[in-house]
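Under UniProt numbering, the first residue of the sequence shown carries the number 1, and numbering increases by one thereafter.
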Amino acid sequence: MRTAYTSDQIRAAEAALMARLPEGTLMARAAAGLASVCAGMLTASAGKVYGSRVTLLIGSGDNGGDALYAGARLARRGARVVAVLAGSRAHPGGRAALLGAGGRVVAYEEALARDLIIEADLVVDGLVGIGGAGALREPYATLARLCADAHRVVAVDVPSGVDASSGRVDGPAVRAHVTVTFGAYKNGLLIDPGASHAGRVELVDIGLGPYLPDPDVVALTGPDVADLLPRPIEETDKYRRGVVGIVAGSDRFTGAAVLCVAGALRAGVGMVRFASTAEPVRYVRTRWPEAVTTVLDGTEPDPVGKIGRVQAWVLGPGMGTDERAHALARAVLATDEPVIVDADGVTLAARDPSLLRRSAPTVITPHAGELSRLLGVPRDRIEARKLEHARRAAAELGVTVLLKGMTTLVAEEDRPVRVNTTGTPWLATGGTGDVLSGIIGALLSAGLPGYEAASCGAYLHGRAALLAVHGGAEAGAEGPIAALDVAEALPEAIRTL
Ligand SMILES: NC(=O)C1=CN([C@@H]2O[C@H](COP(=O)(O)OP(=O)(O)OC[C@H]3O[C@@H](n4cnc5c(N)ncnc54)[C@H](OP(=O)(O)O)[C@@H]3O)[C@@H](O)[C@H]2O)[C@@H](O)CC1
Ligand SMILES: Nc1ncnc2c1ncn2[C@@H]1O[C@H](COP(=O)(O)OP(=O)(O)O)[C@@H](O)[C@H]1O
Ligand SMILES: [K+]
């Protein structure tokens, strides 16, 4: 499990650790780790550290101090290091160390800074770290923009302009190839848009471990998911493995039904009971003879009874939002089994919030637009503050919230938010969300709690998509995928966890 923290949590831990150590020890550890990563990058790109050109962008806080001390170490190894001082002050000890090691220091001036950034083999972003607040002010904002033309950029602790606690980016922000972070991951390194500004993240141990509180955000790794995933034991049968009831599709949206069933079957469910109107049932029967199907014409007094016994439900993909769909949603949500509510199901719940008031576990899987309807908050505000809104929705609605998008978050009250680290932008194609809801339904029916089913489901979905995108090609080669390809890659994703 990868753990991440807010700036306040990191500061409190650092204060506790610092109180037991001679002054300057932590910054020395941070600078040593930073210099070592920089040296590795210079050796990889320029062949050696000696003679390479390094430009440091220095703000007025300790983030700049780290960069100056690291610059001094590189200068002692023969690098030509220049520090551009952008703040009203610069860390005095760090500045003296750099000058003492033969480095140079210049005051910020735009044309000069541009040249130094473009010419450098490596640019080190030491503008702001966990002390950054709000949009970058000038001249930091200009420097962050200029970094787009740099050969290689290393961010110190967090890319400047990224909010360390949330991943929020207001205005210009540094896009780094590598971020060297100290003591622990910050939330903003795992959550977009911050995460996509960080590049590869290198964690430098400065001894913070024993002083860290419970994490604010966590990310599952492959071994975590392998441990959590239910696997069939010898004396099992299809009912004990889990039966999922899928209520999805409509005569207009037949594909959502087929894709949702695909996700459940390929994620390893015991059995699928699929129910819908006649057309989607016909498509599902043709594509997935494994599924047991029920045609619902909308006149049944007890549609749930007609479908049969299940251990969990998937409700919503493509089912429409008319009166018939509303009545069906009400019947499914009135059961005592866990339900994952997706797509049209989320839209129905936004219109009729009483649907989600139930005692059995409920997972909802909105994208930002759907969550916008549920919370009455504009979509762009949700996209800019995903962590805050996923948490808020979980608390207000009393459900497990999986918020989809570039970064997928899973929030449940009083639990750390789980951020998914698998996936690819190739997933942004119609129908992949339907596959995801089928996977989560399968995991719920096997007995995983909502929080685990949603986060493991997102992990497997993203991992399957990556496998499908690479298609066994050489490292780095990628090709487009369709939603069904994601479902088809699930067995391989689980095999190779
Ligand atoms: N604590 C420790 O034990 C360790 C800490 N370590 C390092 O210290 C870093 C934290 O250092 P920090 O607290 O000095 O804050 P930092 O990130 O340098 O920024 C503060 C300065 O930025 C400025 N500023 C803020 N917002 C701005 C904006 N929007 N636009 C423009 N300017 C803005 C603000 O300036 P002011 O408003 O005061 O003029 C303030 O002076 C941490 O990330 C890690 O790298 C390591 O050495 C390991 C041990
Ligand atoms: N830029 C992106 N990077 C990574 N994953 C993405 C991106 N955009 C969308 N996704 C993923 O693709 C899936 C799309 O789901 P959804 O929006 O429900 O689409 P649909 O309704 O067509 O099935 C989600 O799992 C989402 O997290
Ligand atoms: K920085």
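All C-beta atoms, glycine included, are put in the ideal place defined by N, C-alpha and C.
Note on residue 387: 16 or more other CB atoms within 10 angstroms of its CB, so buried under the neighbour-count rule. Ordered along the chain, residues surrounding ligand 3 are 63, 125, 126, 127, 128, 129, 155, 156, 157, 158, 159, 160 and 174 [Cβ under 7 Å from any heavy atom]. Residue pairing by DSSP places residue 363 opposite 340 and 400 in a beta bridge. Two segments are said to touch when three or more pairs of C-beta atoms, one from each, lie closer than 8 Å; by this definition the region 106-115 touches the region 134-153. Taking residue 119 as reference, the option from 402, 46, 256 and 299 with the minimal CA-CA separation is 46. Using a 10 angstroms sphere on the CB of residue 185, the tally of other CB atoms reaches 16 or more, which defines it as buried.
Remark: C-beta atoms of residue 403 and residue 384 do not approach each other more closely than 9 Å. Taking residue 20 as reference, the option from 227, 208 and 10 with the minimal CA-CA separation is 208.
When 25, 69 and 440 are compared, the shortest CA-CA separation from residue 262 is found for 440. Scanning its chain for C-beta atoms nearer than 7 Å, with the 5 sequence neighbours on each side dropped, one finds around residue 203 the residues 181 and 185, in chain order. Checking the 8 Å criterion, the Cβ of residue 384 is out of range of every heavy atom belonging to ligand 1. Residue ranges of uninterrupted alpha helix (DSSP H) with 4 or more members, entirely inside the region 207-257 and ordered along the chain, are 222-228 and 238-241. Nearest to residue 29 by C-alpha distance, out of 103, 14 and 485, is 14. Residue burial is scored here from C-beta neighbours: residue 459 has at least 16 other C-beta atoms within 10 angstroms and is therefore classed as buried. Pairing residue 234 with residue 275, the inter-Cα distance amounts to about 30 Å.
Taking the Cα of residue 359 as reference, the smallest distance to any Cα among 350, 398 and 164 is reached at 398. Taking 9 Å as the cut-off, the Cβ atoms of residue 155 and residue 197 count as close. In this structure residue 314 is buried. Its beta-carbon is surrounded by 16 or more other beta-carbon atoms within 10 angstroms. Secondary structure note for residue 444: its alpha helix (DSSP H) is the uninterrupted segment 432-445.
Residue 276 is bridged by DSSP to 295.
For the set 68, 394 and 438, the Cα lying nearest the Cα of residue 57 is the one of 68.
Residue 271 has its CB no nearer than 8 Å to any heavy atom of ligand 2.
At least one heavy atom of ligand 1 falls within 8 Å of the beta-carbon of residue 137. Looking at the DSSP output, residue 352 shares a beta bridge with no other residue.
Remark: three or more beta-carbon pairs, one from each stretch, lie closer than 8 Å, so the region 447-464 and the region 414-425 are flagged as touching. Separation of residue 40 and residue 115 (C-alpha to C-alpha, rounded to the nearest whole angstrom) is 24 Å. Within the region 83-169, the complete beta strand (DSSP E) runs of at least 3 residues fall at 104-107, 122-126 and 153-156. Note that the C-beta distance between residue 408 and residue 362 is not below 9 Å.
The way I'd put it, the region 117-136 does touch the region 151-165; three or more beta-carbon pairs between them come closer than 8 Å. A distance criterion of 8 Å places the beta-carbon of residue 357 beyond contact range of ligand 1, judged by its closest non-hydrogen atom. Taking the C-beta atoms as reference points, residue 348 is found nearer than 9 Å to residue 325. Counting along the chain, residue 5 sits inside the beta strand (DSSP E) bounded by residues 2-5.
In the DSSP annotation of this structure, the continuous segment of the alpha helix (DSSP H) that includes residue 383 starts and ends at 379-384. When Cβ pairs closer than 8 Å are counted between the two stretches, the region 314-323 is seen to touch the region 253-269, the count reaching three or more.
By a beta-carbon distance limit of 8 Å, residue 339 contacts residue 332. Their separation comes to about 6 Å. Residue pairing of residue 271 in beta bridges, as defined by DSSP: 243.
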